[in-house]
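Numbering of the sequence shown is given in my numbering, commencing with residue 2 and proceeding in unit increments.
Structure record follows, encoded as structure tokens.
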Amino acid sequence: MEPDYSRQIALKEIGPAGQALLERSRVLVVGAGGLGSPVLQYLAGAGVGSLTVIDHDTLDPSNLHRQPLYGLEDAGRTKVELAAAALAKLNPRVRVEARAERLGPANAVDLIADHDLTIDCSDNFRTKFLVNDAAVLAARPAVFASVYQYEGQLQVYKPDPGHACLRCLWPEATADGVVGNCAEAGVLGPVPGALGAMQAMLALEILLGIGTQLRGEVLLFDFQRFSTLSLRAPRHHACDAPRCCRIGAIEADDPDLEVRLASLDEAVARGWAIVDVRSAEEVAARPAAGIHCPVAQILSGEAPLARDVAYVLICATGKRSLAAARALRGRGYSVRSLAGGLARLERDR
Ligand SMILES: [Zn+2]
2 MEPDYSRQIA LKEIGPAGQA LLERSRVLVV GAGGLGSPVL QYLAGAGVGS
52 LTVIDHDTLD PSNLHRQPLY GLEDAGRTKV ELAAAALAKL NPRVRVEARA
102 ERLGPANAVD LIADHDLTID CSDNFRTKFL VNDAAVLAAR PAVFASVYQY
152 EGQLQVYKPD PGHACLRCLW PEATADGVVG NCAEAGVLGP VPGALGAMQA
202 MLALEILLGI GTQLRGEVLL FDFQRFSTLS LRAPRHHACD APRCCRIGAI
252 EADDPDLEVR LASLDEAVAR GWAIVDVRSA EEVAARPAAG IHCPVAQILS
302 GEAPLARDVA YVLICATGKR SLAAARALRG RGYSVRSLAG GLARLERDR
């Protein structure tokens, strides 16, 4: 059976010409989780011609309440492979390129330059700022969303005068681990679901050239009070469109910052001291091993660590430990982060 777009073609702003435009469009979706699920479903349903989805993660049963693109039987498989299969069912005419890797400094600019539009559906600030910087350098539009517990935030960058980028508002990238991500902070599924649906809406409007598409503002949502706040987000006064004055080149990442281990005993065998960066409540609920030193203490520079000791940092899923390890490396410590955290050790056991 052929896909039928008649209900969107019926809109006078779209029509057959708009539909043809969507079919010629190439969109990059960074992250196939709680935001990525609705984004991918709506864009595939709308008949966007090419979708590239990049995500290195595998599906965990705890993802499903906010990632209805997947099913429980899929746990353990890579999300991009699952997403490609689900989208092929939804709309076989859409070309889906599945990239089971991380968006990083080495591939971000080329990938973003190769698409008409990028949608940031990641769950960490480092990736959001990387998407921002690469979108500015490649002079391509990007749609950002982030979620924290009952709150969400939406912003658009376009390479033309008037559009602020993330660095216009926050010159220094927010450090991951300061604000929890979904894995550690908790979230109800419809919050990323609603934000993702709005990202898909903004993406379609940008591709079709309709609507005003958040021009120079950040929209904040509070889903407990059902209130919305629109903040003016002006470009930095010294920015010269399309370039932001605060973006030079993209910094390369440390290649061995993350390590995979079969067990915590392996860390000890390698001569690494274990530092558990989880909260006191998490440690009490599920004791691990090593020195306990919450991530906030590390980021604020108050951790009682020595520069002549080699450390491996651990947390629940490997996100806070990675942020803390990055901060400590920058201060000259010998440190690495356990990839995937305690969750992966448990899964691989
Ligand atoms: Zn800027």
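Glycine residues also receive a C-beta, built at the ideal position from the N, C-alpha and C atoms.
Nearest residue (CA-CA) to residue i, options the options
| i | options | result |
| --- | --- | --- |
| R244 | R168, L118 and P69 | R168 |
| G105 | A290, A140, G319 and G32 | G32 |
| Q20 | D5, L221 and D117 | D5 |
| A114 | L314, M199, T53 and P305 | T53 |
| L170 | D134, R141, A140 and L138 | D134 |
| L22 | L262, A285, L205 and R287 | L205 |
| D223 | Q298, I292, K159 and E152 | E152 |
| N212 | I15, P172, Q150 and R8 | First, the amino acid is wrong: residue 212 is Gly here, not Asn. Selected option, being the one with the closest Cα: I15. |
| I55 | A109, R216, E283 and L343 | A109 |
| V336 | A139, L221 and P256 | P256 |
| A139 | D121, F145 and L112 | L112 |
| P295 | A286, C316, M2 and A311 | C316 |
| A201 | Q9, A45, E3 and P17 | A45 |
| E3 | A89, S63, G34 and Q42 | A89 |
| Y149 | K13, I120 and V188 | V188 |
| T128 | H116, A107 and D117 | A107 |
| H116 | C122, S338 and R141 | R141 |
| V29 | G35, L118 and S280 | Checking the displayed sequence, the identity of residue 29 turns out to be Leu instead of Val. Considering only alpha carbons, the answer is L118. |
| V137 | C166, R8 and L65 | C166 |
Contact test: residue i Cβ vs ligand 1 heavy atom, cutoff 7 angstroms
| i | result |
| --- | --- |
| R216 | no |
| R141 | no |
| A165 | yes |
| H237 | yes |
| C240 | yes |
| R168 | yes |
| R233 | no |
| C245 | yes |
Inter-residue Cα distance where the pair is residue i and residue j
| i | j | result |
| --- | --- | --- |
| R271 | E24 | 53 angstroms |
| R96 | G341 | 30 angstroms |
| V49 | R27 | 7 angstroms |
| V192 | S147 | 10 angstroms |
| V219 | L230 | 8 angstroms |
| A143 | V132 | 8 angstroms |
| F126 | P172 | 13 angstroms |
| S264 | A239 | 50 angstroms |
| A234 | R94 | 38 angstroms |
| D309 | G210 | 57 angstroms |
| G249 | E267 | 40 angstroms |
| A326 | L306 | 12 angstroms |
| C246 | H237 | 8 angstroms |
| G197 | L221 | 14 angstroms |
| A328 | L346 | 24 angstroms |
| C183 | A297 | Reliability of the predicted coordinates at C183 is poor, the pLDDT of 49 falling under 50, and the value obtained from them is presented with this limitation in mind. Roughly 17 angstroms separates the two Cα atoms. |
| A289 | W273 | 15 angstroms |
| D241 | K159 | 13 angstroms |
| Y334 | V278 | 16 angstroms |
Environment of residue i [buried if 16+ CB atoms lie within 10 Å]
| i | result |
| --- | --- |
| W227 | A quick correction: the sequence has Phe, not Trp, at residue 227. Its Cβ having fewer than 16 others within 10 Å, F227 is exposed. |
| R67 | buried |
| R321 | buried |
| V313 | buried |
| L73 | exposed |
| P39 | buried |
| Q156 | buried |
| L323 | buried |
| R261 | exposed |
| A1 | Outside the shown range of the chain, which is 2 to 350, sits residue 1, and nothing can be said about it. |
| D161 | exposed |
| D349 | exposed |
| Q42 | buried |
| A99 | buried |
| K80 | buried |
| A281 | exposed |
DSSP-derived helix/strand/coil call for residue i
| i | result |
| --- | --- |
| G153 | strand |
| T213 | coil |
| S147 | strand |
| R261 | coil |
| F126 | helix |
| V284 | helix |
| E24 | helix |
| Y312 | strand |
| V97 | strand |
| A274 | strand |
| E267 | helix |
| G16 | helix |
| Q158 | According to the sequence as given, residue 158 is Tyr; it is not Gln. It is a strand residue. |
| E303 | coil |
| H66 | helix |
| I207 | helix |
| E218 | strand |
| D58 | coil |
Residue i beta carbon near ligand 2 (any heavy atom closer than 7 angstroms)
| i | result |
| --- | --- |
| C122 | In the structure on display, ligand 2 does not appear, and the ligands it does have are ligand 1. |
Min CB distance residue i to chain D below 8 angstroms
| i | result |
| --- | --- |
| R332 | Here chain D cannot be found, since the structure has a single protein chain. |
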